[in-house]
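Heads up: the structure comes next, in structure tokens.
Protein chains: 2
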Amino acid sequence: MQSNVLPPDAGHEPGNGEQMLPANGEQLNGEQLNGEHVNGGHAIGIPEATIARLPVYLRALYGLAERGVSTVASEELAAAAGVNSAKLRKDLSHLGSYGIRGVGYDVDYLVYQVSRRLGLTQDWPVLIVGAGNLGRALANYGGFVSRGFRISAMLDSDPAIVGSRIAKLTVQHVDELEAVVARHKVAIGVIATPAGTAQAVCDRLVSAGVTSVLNFAPLVLSVPEGVDVRKVDLSIELQILAFHAQRRSVGARAVNGHLAQAAEA
Amino acid sequence: MQSNVLPPDAGHEPGNGEQMLPANGEQLNGEQLNGEHVNGGHAIGIPEATIARLPVYLRALYGLAERGVSTVASEELAAAAGVNSAKLRKDLSHLGSYGIRGVGYDVDYLVYQVSRRLGLTQDWPVLIVGAGNLGRALANYGGFVSRGFRISAMLDSDPAIVGSRIAKLTVQHVDELEAVVARHKVAIGVIATPAGTAQAVCDRLVSAGVTSVLNFAPLVLSVPEGVDVRKVDLSIELQILAFHAQRRSVGARAVNGHLAQAAEA
DNA sequence: CCGACTTTGTGAATCTGTGCACAAAGGCGT
DNA sequence: ACGCCTTTGTGCACAGATTCACAAAGTCGG
């Protein structure tokens, strides 16, 4: 399976342009009809759904690379990522044409391409606000510390926590927020505080110049235009599980039913 | 705004049937062409996208209820949940017709209906495996402990952690897994272990009879048919943020375009 | 050097989700 | 009591995502 048929450096890369618009024949006229969201322009060149899956592929690719696999076919990679192989290929095609027909994809090369497109070939300085259990978990979570992100600092307001060391960092007081953002040129702020203080922290992050915020607190933050907020709710998936579990136990047969099409009354 | 115009107990509820198939005229014949996923049948009656938003609405509703709001219009609730109001109304319409035209929705009543449909009117016994920072964070996370879920036990393999108390629970050794599942009739297993041991833990959960698994470990679990696995990757959203941030800094001018939309002042 | 075989990349068809816009419903003021 | 005004519920059209299925491209054995 690892026949190593690829040229050592995969000569397909122009090496200069980097941008290299996709070689596919699509017209990608999406320019004028882009999906303006609240925050500002979202994906123009690459579908949002694809972007959301690229990290999954990346993770799968790292796993393969660690196991010494050098080449992978879309079928295998798709299985490792838990998606349909056609979807995988279409997703990757948005990045360019980096596969070799009859062979597959070079793992290292694809890691590089996906990383580059996600913007992970540079290091993003990340600030974590809230050094409770969640903040500590994040600081140690593989993928937060790994390639592409560097935790610049962790802040907390609790004097009992300030000064303690977490993942090689000393927790600083939240009063330092503005100074830390400026000093480390923080690009992404992570809010891991209780819900009560999240909006205030967010406001401070924004006025300090942070334009990307990852929110773990269970509330919807309001931010000015131009700031990109994403929310992770640890319990949403749990609730979705509950729904499906319930439906399995209740609805096994009840739901069915030919309830007539009754086009309209 | 809180004119309290509703009958105290919203006499619209039949009170018995509970199931009460949606009053809308849609044919919802989706039976034979449902979106079979890997895990098994997913939503048949309610779109998956809607299900994923119900927890968000629920959270917003709780927030309103705490602030003493008794009635809310779709516009307000949508704003609180961060979605479009038409989408909110359409989502809620899948549950039944629980609004009052000209007035809005009764907050408490809607909380009940959404909870019921999500399966949160019963208590789900949840087992958390892995009592590291993430496990501890989960045990304390509002929404995990709140209405609908009860943490039956926390397990870990580290002797230094076993025996410690977290959120009123004593951490037990992971060897107890099967016994705990049986004793508490655990329905949902949460995997908060390192990636290395996640698959083994998952296998044990499944053979102990757990059919719903929430996975926080950064790998794709493989499970037999009939088991529902959902995955939360704490770093995916971070990577998506990085993508957008990069696109903003790179494409600053490329996107340009006569930003004349200025919909309203 | 050629032909068989593998696997990519993508058109085309289908399915799912979104949002506008409006008729129907129902409370409220006079 | 009646009409006005607000807000729901939803038909419809469009936009986006998924999947199939296959031609094009490139490898590898003989």
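Chains as they are written, first to last, in the numbering used here: chain C, 3 to 267; chain L, 3 to 267.
Cβ coordinates follow ideal geometry from the N, Cα and C atoms, glycine included.
Keep in mind the model is a prediction, meaning the values are calculated, not measured.
Could you tell me whether the Cβ of residue i comes closer than 8 Å to any Cβ of chain C?
| i | result |
| --- | --- |
| L97(L) | no |
| Y59(L) | no |
| D205(L) | no |
| H186(L) | no |
| Q115(L) | no |
| R91(L) | no |
| D160(L) | no |
| G70(L) | no |
| L157(L) | no |
| D235(L) | yes |
| L221(L) | yes |
| G268(L) | The question about residue 268(L) has no answer, for chain L in this structure spans 3 to 267. |
| I242(L) | yes |
| G145(L) | yes |
| L66(L) | no |
| I53(L) | yes |
| I302(L) | A question about residue 302(L) goes unanswered here, because the residues of chain L that appear run from 3 up to 267. |
So for residue i, helix, strand or coil by DSSP?
| i | result |
| --- | --- |
| Q124(C) | coil |
| T286(C) | Past the edges of chain C, shown from 3 to 267, lies residue 286(C), and the structure says nothing about it. |
| N86(C) | coil |
| G47(C) | coil |
| T199(L) | helix |
| Y100(C) | coil |
| D11(L) | Residue placement at D11(L) is poorly supported in this model, since its pLDDT is 38, which falls under 50; the coordinates still yield a value, given next. It is coil, neither helix nor strand. |
| S95(L) | helix |
| S148(C) | coil |
| R69(C) | coil |
| D177(L) | helix |
| Y64(C) | helix |
| A139(C) | helix |
| A81(L) | helix |
| V116(C) | helix |
| P57(L) | helix |
Name the DSSP bridge partner or partners of residue i?
| i | result |
| --- | --- |
| L171(C) | I168(C) |
| A1(L) | Chain L is shown from 3 up to 267; residue 1(L) falls before or after that span and cannot be answered. |
| G106(C) | I102(C) |
| V74(L) | Y107(L) |
Could you pull out every residue in the same chain whose Cβ sits closer than 7 Å to the Cβ of residue i, ignoring the five residues on either side in sequence?
| i | result |
| --- | --- |
| Q124(L) | none |
| P127(C) | R152, S154, H186, K187, V188, A189 |
| P196(L) | A219 |
| D177(C) | none |
| P226(L) | V208 |
| I48(C) | H96 |
| Q263(C) | In this predicted model, Q263(C) has a pLDDT of only 33, less than 50, meaning its place in the structure is not dependable enough to derive any value. |
| N86(C) | A80 |
Keeping to the same chain, check which residues put their C-beta closer than 8 Å to that of residue i; ignore five residues upstream and five downstream.
| i | result |
| --- | --- |
| R149(L) | S117, L122 |
| V182(L) | L129, S154, A155, L157, Q174, V188 |
| N135(L) | none |
| L35(C) | At L35(C) the pLDDT is 27, less than 50, meaning the model places this residue with poor confidence; the figure from the coordinates comes in the next sentence. Hits under 8 Å: none found. |
| Y64(C) | V113 |
| H246(L) | none |
| S237(L) | P220 |
Nearest chain L C-beta to residue i closer than 8 Å, yes or no?
| i | result |
| --- | --- |
| D230(C) | yes |
| G84(C) | yes |
| R340(C) | With chain C running from 3 to 267 in the structure shown, residue 340(C) is simply not present. |
| R138(C) | yes |
| I238(C) | yes |
| M22(C) | With a pLDDT of 35 at M22(C), under the threshold of 50, the predicted position of this residue should be treated as unreliable, though the coordinate-derived value follows. No, because no Cβ of chain L sits closer than 8 Å to the Cβ of M22(C). |
| Y100(C) | no |
| A75(C) | no |
| S214(C) | yes |
| Q201(C) | no |
| G211(C) | no |
| G121(C) | yes |
Beta-carbon within less than 6 Å of residue i's beta-carbon, same chain only, minus the 5 sequence neighbours each way: which residues are those?
| i | result |
| --- | --- |
| R138(C) | I168 |
| R119(L) | L97 |
| S76(L) | S87, L90, R91 |
*asked:* Which runs of the alpha helix (DSSP H) at least 4 residues long sit entirely within the region 181-246 of chain L? Give them in chain order.
replied: 197-209
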